[in-house]
Amino acid sequence: MKNTIYIISVILVLGLALGGAFLFFRPSSTPGQTSSGGLFGFGSTATNVPSTGDDTNTPQVGISTLQSIFKLADGPIAGAAFTQTFKPTTTVARYTRADNGHVLDIPIGVSGAVARAVSNVTVPGITSSVWTTFGSSTVMQYVDSGIVKTMYVAFSVASSTVANSPVTPSRIRFLPNGIVSFALDPKDTRVAYLLLNSSGGVDGYISNLDGTSVKNVFSLPLSQAIVSWPSANTLLVQTKSAFGVPGVAYSVNATTGALSPLLYAPGLSTSANKNFTKVVYQTNADNNATTYSHDMATGKDAPLVNNPLPEKCVWSILPATDAYCAVPLEVVPSNYMDLWHQGLVQTADAIVNLDTNTGIGSVVTLPGDGGVNSSIEQLVLSPDGNYLMFITRGDQALWGVKLR
Numbered sequence: 018m019k020n021t022i023y024i025i026s027v028i029l030v031l032g033l034a035l036g037g038a039f040l041f042f043r044p045s046s047t048p049g050q051t052s053s054g055g056l057f058g059f060g061s062t063a064t065n066v067p068s069t070g071d072d073t074n075t076p077q078v079g080i081s082t083l084q085s086i087f088k089l090a091d092g093p094i095a096g097a098a099f100t101q102t103f104k105p106t107t108t109v110a111r112y113t114r115a116d117n118g119h120v121l122d123i124p125i126g127v128s129g130a131v132a133r134a135v136s137n138v139t140v141p142g143i144t145s146s147v148w149t150t151f152g153s154s155t156v157m158q159y160v161d162s163g164i165v166k167t168m169y170v171a172f173s174v175a176s177s178t179v180a181n182s183p184v185t186p187s188r189i190r191f192l193p194n195g196i197v198s199f200a201l202d203p204k205d206t207r208v209a210y211l212l213l214n215s216s217g218g219v220d221g222y223i224s225n226l227d228g229t230s231v232k233n234v235f236s237l238p239l240s241q242a243i244v245s246w247p248s249a250n251t252l253l254v255q256t257k258s259a260f261g262v263p264g265v266a267y268s269v270n271a272t273t274g275a276l277s278p279l280l281y282a283p284g285l286s287t288s289a290n291k292n293f294t295k296v297v298y299q300t301n302a303d304n305n306a307t308t309y310s311h312d313m314a315t316g317k318d319a320p321l322v323n324n325p326l327p328e329k330c331v332w333s334i335l336p337a338t339d340a341y342c343a344v345p346l347e348v349v350p351s352n353y354m355d356l357w358h359q360g361l362v363q364t365a366d367a368i369v370n371l372d373t374n375t376g377i378g379s380v381v382t383l384p385g386d387g388g389v390n391s392s393i394e395q396l397v398l399s400p401d402g403n404y405l406m407f408i409t410r411g412d413q414a415l416w417g418v419k420l421r
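Just so you know, the sequence shown maps onto residues 18 to 421 in this note's numbering.
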């Protein structure tokens, strides 16, 4: 009798779990065609993928959480990148501490590994540290007497390729004060940054990473703007997302500075892939936040399963249309990101691998895997696609995920 009750209980629990998974992972409703003030092109019609009811065209999520998840470093961490040593060949996590600006390396997948110092240059209160692809240099920001400072730090590539060799900064240079947003180009040779101008808008500049060869490329009448550099010759400039507030995004030619209106929608947040063929964007209106994948060639929009947050996504290299996104595993309010940025709300995130061509997604990690059960701030993908790193909200600890 006791065995029978136990079996029935297990069946009921599994049924509830599967039902919950179905409710969470079912696709968002497909938008109708937009013709009045279309999202793309400011008045152009955005042709969306219709819902056919055919299961083969419905965004779905598969669950596969066998990946190895491990903690790399206690916080606070400001930013991280992957690098490699070749004697022996080892993938290494290189990271910047937020409390003092020190840079450390720790081998990944090496039993008993301990972090070694790469740089002991002390800069308290690092707010961000954006690394080049292979960890040879970083651009850091910190606040000094109310002024935002931006510092470029380069390291010797030769010495960092040999395990246990000393690595020290080979070059430190300062960019202009007051940079409100910056992004590194995909080739890791230039930086784009925004400065407020006397008219209340922003001026966009491009220079070498060390701040030399500066060129004023464009100006926009936006006081709250952020810049990203997804593909070789294209910048993406957008207003900071705010619930219900009209947002705008432009693509900018990095050579000529030519501006092309891309999106206009309330609560807009965007992310573009590395060859600028796909744009993932979220918009909220009428208390409903929805995320879409926009195909730049066809102009079609398709809903993405469980509404990933574009600013919590990192794009794959191959295939270029895949993205890894941190997704809250519970229903959140439409103004969730506003509350999240203000530190007023936090939910445990899953990491989902999304194919933006098909809308199909697969869960990479679930909250609690590897002992981490927190909201995710940053995602970094290794150049070979074998590992992910992420920084958790709150304690700002650094975690790793082995993908294959």
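We put the beta carbon where it would ideally sit given N, CA and C, even for glycine.
1. Could you tell me which of 248, 256, 147 and 406 sits nearest to residue 240, measuring between CA atoms?
2. Measure the CB-CB distance between residue 113 and residue 124 and report whether it falls below 8 Å.
3. How do the region 256-266 and the region 275-287 stand: do at least 3 beta-carbon pairs fall below 8 Å, yes or no?
4. What are the boundary residues of the alpha helix (DSSP H) that includes residue 313?
5. Of the residues 228, 311 and 92, which one's Cα is nearest the Cα of residue 293?
6. In chain order, what residues of the same chain have a beta carbon less than 8 Å from the beta carbon of residue 152, not counting five sequence neighbours either side?
7. Which two residues bound the contiguous beta strand (DSSP E) that contains residue 122?
8. Which same chain residues, not among the five before or five after residue 403, have their C-beta less than 8 Å away from its C-beta?
9. Excluding sequence positions up to five away, which residues of its chain have a Cβ less than 6 Å from the Cβ of residue 92?
10. Hey, residue 201 and residue 251: beta-carbon distance below 8 Å or not?
11. Hey, how far is the Cα of residue 209 from the Cα of residue 216?
12. What are the boundary residues of the alpha helix (DSSP H) that residue 366 is part of?
13. Are at least three pairs of beta-carbons, each pair with one atom in the region 307-326 and one in the region 270-277, less than 8 Å apart?
14. Given a threshold of 16 other Cβ atoms within 10 Å of its Cβ, counted over all protein chains shown, does residue 87 qualify as buried or as exposed?
15. What is the DSSP secondary structure of residue 291, reduced to helix, strand or coil?
16. Mind listing, in chain order, the continuous beta strand (DSSP E) runs of no fewer than 3 residues lying wholly within the region 232-286?
17. Could you compute how far the alpha carbon of residue 376 sits from the alpha carbon of residue 230?
18. Which of helix, strand or coil does DSSP assign to residue 404?
19. Near residue 328, what residues of its chain come up, given a Cβ to Cβ distance below 8 Å and the 5 sequence neighbours on each side ignored?
20. Give me the DSSP bridge partner(s) of residue 357.
21. Once DSSP output is grouped into helix, strand and coil, what is the label at residue 204?
22. Name the DSSP beta bridge partners of residue 192, please?
23. Please classify residue 407 as buried or exposed, where buried requires at least 16 other C-beta atoms within 10 Å of its C-beta.
24. Check this for me: beta carbons of residue 170 and residue 154, under 8 Å apart or not?
25. According to DSSP, which residues form a beta bridge with residue 227?
26. Looking only at its chain, what residues have a beta carbon closer than 6 Å to the beta carbon of residue 188, apart from the 5 residues adjacent to it on each side?
27. Can the beta-carbon of residue 370 be found closer than 8 Å to that of residue 339?
28. Measuring only the C-alpha atoms, how far is residue 394 from residue 344?
29. When DSSP labels each residue in this structure, what does residue 387 get in the three-state scheme?
30. Taking C-alpha atoms, which residue in 122, 224 and 138 lies nearest to residue 196?
31. So is residue 359 buried or exposed if we call it buried at 16+ other beta carbons inside 10 Å?
32. Between which two residues does the beta strand (DSSP E) harbouring residue 92 extend?
33. Among the residues of its own chain, which have a CB less than 6 Å from the CB of residue 237, if the five just before and after it don't count?
34. DSSP three-state label for residue 347, please.
35. State the start and end residues of the unbroken beta strand (DSSP E) segment that holds residue 394.
36. What is the rounded straight-line gap between the Cα of residue 122 and the Cα of residue 135?
Checking against the coordinates, here is how it stands:
1. As a first step, residue 240 is located in the sequence shown; it is residue number 223 there, counting from the start. Selected option, being the one with the closest Cα: 256.
2. Position 96 of the sequence shown holds residue 113. Position 107 of the sequence shown holds residue 124. Cβ atoms of residue 113 and residue 124: not closer than 8 Å.
3. Touching, per the Cβ criterion.
4. In the sequence shown, counting from the first residue as 1, residue 313 sits at position 296. Neither: residue 313 is in no alpha helix (DSSP H) and is coded neither H nor E.
5. Taking the sequence shown and counting its residues from 1, one reaches residue 293 at position 276. Its Cα nearest to that of residue 293, the residue 311 stands out among 228, 311 and 92.
6. Mapped onto the sequence shown, residue 152 falls at position 135. Closer than 8 Å at the Cβ level, and outside the excluded window around residue 152, lie 98, 99, 100, 109, 111, 172 and 177.
7. Within the sequence shown, the letter at position 105 stands for residue 122. From DSSP, the beta strand (DSSP E) with residue 122 extends over 120-124.
8. Stepping through the sequence shown from its first residue, residue 403 is reached at position 386. Hits under 8 Å: 108, 419, 420 and 421.
9. Residue numbering aside, residue 92 sits at position 75 when the sequence shown is read from its first letter. Here residue 92 has 412, 413 and 414 as same chain residues with Cβ atoms under 6 Å from its own Cβ, once five neighbours each way along the sequence are excluded.
10. Locating residue 201 in the sequence shown gives position 184, counting from the first residue. Locating residue 251 in the sequence shown gives position 234, counting from the first residue. No Cβ-Cβ contact shorter than 8 Å links residue 201 with residue 251.
11. Looking up residue 209 in the sequence shown gives position 192. Looking up residue 216 in the sequence shown gives position 199. Each residue's alpha carbon lies about 20 Å from the other.
12. By one-based count along the sequence shown, residue 366 stands at place 349. No alpha helix (DSSP H) holds residue 366; the beta strand (DSSP E) holding it covers 366-372.
13. Result no; under three Cβ-Cβ pairs closer than 8 Å.
14. Position 70 of the sequence shown, counted from the first residue, corresponds to residue 87. The Cβ neighbour count for residue 87, taken over all protein chains shown within 10 Å, is under 16; the residue is labelled exposed.
15. The residue you call residue 291 lines up with position 274 of the sequence shown. It is coil, neither helix nor strand.
16. Secondary structure remark: continuous beta strand (DSSP E) runs of at least 3 residues inside the region 232-286, in chain order: 232-237, 242-248, 251-256, 263-270 and 276-283.
17. Here residue 376 refers to the residue found at position 359 of the sequence shown. Here residue 230 refers to the residue found at position 213 of the sequence shown. Residue 376 and residue 230: Cα-Cα distance of roughly 42 Å.
18. Mapped onto the sequence shown, residue 404 falls at position 387. In this structure, residue 404 counts as strand in the three-state DSSP scheme.
19. For the purposes of this step, residue 328 is taken as residue 311 along the sequence shown, with counting starting at 1. For residue 328, where only same-chain residues beyond five positions count, the Cβ hits under 8 Å are 258, 286, 288 and 354.
20. As a first step, residue 357 is located in the sequence shown; it is residue number 340 there, counting from the start. Assignment of beta-bridge partners to residue 357 by DSSP yields no partner.
21. Counting from 1 along the sequence shown, the entry for residue 204 is found at position 187. Here DSSP, grouped into helix, strand and coil, assigns residue 204 to coil.
22. Locating residue 192 in the sequence shown gives position 175, counting from the first residue. Looking at the DSSP assignment, residue 192 forms no beta bridge with any residue, so it has no partner.
23. Position 390 of the sequence shown holds residue 407. A residue is called buried when at least 16 other Cβ atoms come within 10 angstroms of its Cβ; residue 407 meets this threshold and is buried.
24. Here residue 170 is taken as the residue at index 153 of the sequence shown, counted from 1. Here residue 154 is taken as the residue at index 137 of the sequence shown, counted from 1. Yes, the pair counts as a contact, with Cβ atoms nearer than the cut-off.
25. By 1-based counting over the sequence shown, the position of residue 227 is 210. Residue 227 is bridged by DSSP to nothing; it lacks a bridge partner.
26. Your numbering for residue 188 matches position 171 in the sequence shown. Excluding sequence neighbours, residue 188 sits near 171.
27. Here residue 370 refers to the residue found at position 353 of the sequence shown. Here residue 339 refers to the residue found at position 322 of the sequence shown. For residue 370 and residue 339, yes; Cβs fall inside 8 Å.
28. For the purposes of this step, residue 394 is taken as residue 377 along the sequence shown, with counting starting at 1. For the purposes of this step, residue 344 is taken as residue 327 along the sequence shown, with counting starting at 1. Going from the Cα of residue 394 to the Cα of residue 344 covers about 11 Å.
29. Residue 387 sits at position 370 when you count from the first residue of the sequence shown. In the structure shown, the three-state DSSP call for residue 387 is helix.
30. Counting from one through the sequence shown, the residue named residue 196 turns up at place 179. Answer by Cα proximity: 224.
31. Sequence index remark: in the sequence shown, residue 359 carries index 342 (1-based). Exposed, since its Cβ has fewer than 16 Cβ neighbours within 10 Å.
32. Position 75 of the sequence shown, counting from 1, holds the residue named residue 92. Residue 92 -> no beta strand (DSSP E), and no H or E assigned at all.
33. The residue labelled residue 237 in the question sits at position 220 within the sequence shown. Correct list, in chain order: 218 and 219.
34. To locate residue 347, count along the sequence shown from 1; it is residue 330. In this structure, DSSP gives residue 347 a state outside helix and strand, which the three-state scheme calls coil.
35. Within the sequence shown, residue 394 is the residue found at index 377, counting from 1. Unbroken beta strand (DSSP E) run through residue 394: 393-398.
36. One-based indexing of the sequence shown puts residue 122 at position 105. One-based indexing of the sequence shown puts residue 135 at position 118. The alpha-carbon atoms of residue 122 and residue 135 are separated by roughly 7 Å.
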